[in-house]
Amino acid sequence: MNNFTYYNPTKIEFGKEKENNIGQYLEQSGIKKVLLVYGGGSIKQNGLYEKIITSLNKNNIKFEELSGVVSNPLLSKVNEGIKIAKKSNVEAILGVGGGSVADSAKAIAAGAKYDGDVWDFFINKAIITQALPVFTVMTLSATASEMNGNSVIINSDTKQKYSIGSVLVNPVISVINPELMKTVSPEYLAYSAVDVISHCIEAYFTASVHPKFNSRIVESIIKTVMQTTETLLENPNDYDARAEFAWAAIQGLNGLTTAGTEGGIFPNHMIEHSLSALFNVPHGAGLAVVIPAWMKWYKAQNIPQFKRFSKEIFYSEDENEGIDKLEKWFCKIGAPVTFKEINIPRESIEAIAINANETANIWGIGEIYPTKSIIEILEKA
Ligand code: NZQ
Ligand code: ZN
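Okay, structure coming up:
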């Protein structure tokens, strides 16, 4: 195991009805005015919006609002939020929604404290040195954005889906009430399951140093997510399954699985972000297409870990079976596994690969993933 620093400053408030305390949490953190950020309306339909407003009012927290964050969130909406945050002197950003809302809240928080263009942070032109505090109330579990410092945003002018990572935008407090997630559609539940699994397997397969303990955590998260997804597809109201899914999802990308590892990279995410940027594919759906293709392409580079994956997750001695069975499981839960299923024509492969290679360059892995290799992977999908 390598040396490491593990620091995750986010406090998680987990459980039933915790969203009713959000005003109190803000008040206790010394916040008097927030920018409330949310998506396209699910929080109004399920009554969460009213609960949040009631809690803010009860604790004398003033607020401005920014609605309409879309899945695959846009830079234009982030800039709208930054304008409001600066003009109204809000003291914190409160995101209520899924990963797209949380990611937008973080980008707004960083941009509100910066005089230049917030996109500078995404293209490594500037480093985040300060940000407004971020708070979230999550309505969908998948990304672990609730307990990490990442934000992934699409610049639709340049067709780039890029990310930032800074502990300064880790949420101060994230509220996770699994009950709020029972209205997530079966499609998005499936996409979320794929996303959590993807966060776990990226470093699991690509790291050069990967302690057994980390492998076991990853395997536990994957098994938990597979089991609870099947339960929830049958019965969306199963609280315990929802709760275990949510807690497992958080562990998938909060630094726990990679602490002590070395060299892990995120090639599946690198490629998927281009599908989202160019074709607005939901993140988890794009990953379900990319992962089996990447696994088949990459397997020869780490046979022992693919053997381990087959054995621990699917009780098979054959390293190929782990890949086949994972692909079949994606199909079983309703996730797409081919470009055809997500309506992307074969002729687009080169454009996707060029776009993904630009991301690879930003991430410093352009030489490992030249356009040619990405095309080879995509051909398998
Ligand atoms: O906008 P509303 O009306 O809220 O609808 C949303 C949205 O359409 C809906 N939804 C959310 N909670 C719901 C609900 N519908 C019914 N009931 C509820 N309780 O679900 C749809 C998807 O929401 P979204 O926030 O887009 O999903 P997710 O949490 O999967 O976030 C995806 C985004 O996160 C990025 C992805 O790239 C993508 O842009 N990622 C962020 C990461 C991070 N910050 O660490 C890492 C990930 O790898 C990922 O890249
Ligand atoms: Zn992801």
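Be aware that the sequence shown starts at 1, since it is given in the working numbering, and climbs by one per residue. For each residue, glycine too, the CB sits at the ideal point set by N, CA and C. Just so we're clear, the structure is a prediction, and the values are computed from it rather than from any experiment.
Worksheet entry | Boundaries of the beta strand (DSSP E) in which PHE266 is found, first to last residue | Taken as a continuous stretch (DSSP letters only), PHE266 belongs to no beta strand (DSSP E), as it is neither H nor E.
Worksheet item: With respect to 7 Å, is the separation between the Cβ of ASP103 and the closest non-hydrogen atom of the ligand ZN below this value?
Response: no
Worksheet item: Measuring CA to CA, which of CYS200, ILE222, SER274 is closest to THR261?
Response: CYS200
Worksheet item: Does the pairing of the region 84-98 with the region 26-36 give three or more beta-carbon distances under 8 Å?
Response: yes
Worksheet item: Quick one: complete alpha helix (DSSP H) runs, 4+ long, within the region 178-248?
Response: 186-206, 212-234
Discussion item. With H, G and I counted as helix, E and B as strand and the rest as coil, what does DSSP make of LYS113?
Written reply: coil
Worksheet item: Hey, how far is the Cα of LEU326 from the Cα of ALA300?
Response: 17 Å
Worksheet item: MET442 and SER174: beta carbons closer than 8 Å?
Response: Any property of residue 442 remains undetermined from this structure, which presents the chain solely from 1 to 381.
Discussion item. Measuring only from the beta carbon, is GLY39 closer than 7 Å to any heavy atom that is part of the ligand NZQ?
Written reply: yes
Fill in: Rounded Cβ spacing between GLY284 and SER192 (contact assumed at less than 8 Å)
6 Å
Worksheet item: Assuming ALA109 contacts GLU146 under a Cβ cut-off of 8 Å, what Cβ separation, rounded to an integer in Å, is found between them?
Response: Incorrect: roughly 14 Å between the Cβ atoms, too far for contact.
Worksheet item: Run through DSSP, which three-state label would ASN355 get?
Response: helix
Worksheet item: Can we say the region 255-272 touches the region 228-242, given the rule of at least three CB pairs closer than 8 Å?
Response: no
Practice prompt. Quick one: using the 10 Å Cβ neighbour count with 16 as the cut-off for buried, is ASN280 buried or exposed?
Written response: exposed
Practice prompt. Work out the CA separation of VAL209 and PRO133 for me, nearest whole Å.
Written response: 34 Å
Worksheet item: Under the rule that 16 or more other beta-carbon atoms within 10 Å means buried, what is ASN268, buried or exposed?
Response: buried
Worksheet item: What residue range is occupied by the uninterrupted alpha helix (DSSP H) comprising ASN79?
Response: 75-88
Worksheet item: ASN361: buried (16+ other C-beta within 10 angstroms of its C-beta) or exposed?
Response: exposed
Item to complete: Report yes if the C-beta of SER198 is less than 7 Å from at least one heavy atom of the ligand ZN; otherwise report no.
Response: yes
Worksheet item: DSSP state of ASN131, grouped into three classes?
Response: Checking the sequence shown, residue 131 turns out to be Ala, not Asn. Coil, per DSSP.
Practice prompt. Taking only the alpha-carbon atoms, compute the straight-line gap between GLU312 and GLU202 and give it to the nearest angstrom.
Written response: 16 Å
Worksheet item: If you drop the 5 nearest sequence neighbours on each side, which residues of the same chain put their C-beta closer than 8 Å to that of ILE342?
Response: LEU275, PHE279, VAL281, ALA285, GLY286, VAL289, PRO336
Fill in: Enclosing beta strand (DSSP E) for ALA92 [first to last residue]
92-97
Item to complete: Closer than 6 Å by C-beta to GLY165: which residues in its own chain qualify, once you throw out the five before and the five after it? Chain order, please.
Response: GLY149, ASN150
Practice prompt. Give every residue of the same chain whose Cβ lies closer than 8 Å to the Cβ of LEU232, excluding the five residues on either side of it in the sequence, and list them in chain order.
Written response: LEU189, ASP238, ALA241, ARG242, PHE245
Fill in: GLU64, enclosing beta strand (DSSP E) - first and last residue
62-66
Worksheet item: Closest to ASP195 by CA distance: which of PHE205, LEU168, ALA144, ALA207 is it?
Response: ALA144
Discussion item. Rounding to the nearest angstrom, what Cα-Cα distance links ILE127 and LYS307 in this structure?
Written reply: 40 Å
Worksheet entry | GLU358 burial status per 10 Å Cβ neighbour count (16 or more: buried) | buried
Discussion item. Taking 7 Å as the cut-off, is the C-beta of ASP195 nearer than that to any heavy atom in the ligand ZN?
Written reply: yes
Item to complete: Just confirm the distance between the C-beta atoms of GLN305 and TYR204, as a whole number of angstroms; I'd bet it's less than 8 Å.
Response: 7 Å
Fill in: Inter-residue spacing [alpha-carbon to alpha-carbon] between ALA107 and VAL96
14 Å
Worksheet item: Count the other CB atoms within 10 Å of the CB of GLN130; is the residue buried (16 or more) or exposed (fewer)?
Response: exposed
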